[in-house]
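S.K.: Numbering (the numbering used here), first residue to last: 16 to 147.
After the structure tokens below, expect a handful of questions from me.
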């Protein structure tokens, strides 16, 4: 398997961000082990020190823990911690940019609320049809 790494960001940051996304979407649930440094290194054909650096950042952020002789595991509470961090980032960074764009386009708040309601309903309907 190969992965396309972006040129604008160091690979260890991209890998860390990917693990964070996998924790957020539930692929790596709390208490589950992460793939070994060796496995990730071989799978993506990257240096094992790059993988280790990514994992070390996750340890420092309190999201994963190293269990001696067993590997790296997602810590309890990691999902909630990430949700809170990502929500804060959204409100501090993404939402102001979004509002600026709405103003540029002349879209009023009622129109955007209606669009959000429509897309939310559509998303829920799509999820319901996935389970049939």
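Every residue, glycine too, gets a C-beta built ideally from N, C-alpha and C.
For the beta strand (DSSP E) that contains residue 81, what are its first and last residues?
M.R.: Where residue 81 is concerned, the enclosing beta strand (DSSP E) stretches over 79-82.
S.K.: If you reduce the DSSP assignment to three classes, tell me which class residue 51 lands in.
M.R.: Coil at residue 51, not helix or strand.
S.K.: CB residue 148 to CB residue 69, shorter than 7 Å?
M.R.: There is no way to answer for residue 148, as the model of the chain reaches only from 16 to 147.
S.K.: Counting along the chain, where does the alpha helix (DSSP H) carrying residue 113 start and finish?
M.R.: 110-120 is the extent of the alpha helix (DSSP H) around residue 113.
S.K.: Determine the direct distance from the alpha carbon of residue 65 to that of residue 58, and round the result to whole angstroms.
M.R.: Cα to Cα, residue 58 sits roughly 13 Å from residue 65.
S.K.: Is the distance from the Cβ of residue 72 to the Cβ of residue 31 below 7 Å?
M.R.: The answer is yes: Cβ separation under 7 Å.
S.K.: Residue 84 and residue 48 - do their beta-carbons sit closer together than 7 Å?
M.R.: Cβ distance not < 7 Å, so residue 48 and residue 84 don't count as in contact.
S.K.: Determine the closest residue to residue 79 out of 34, 22, 29 and 125, with distance taken between C-alpha atoms.
M.R.: Taking only the C-alpha atoms, the option nearest residue 79 is 34.
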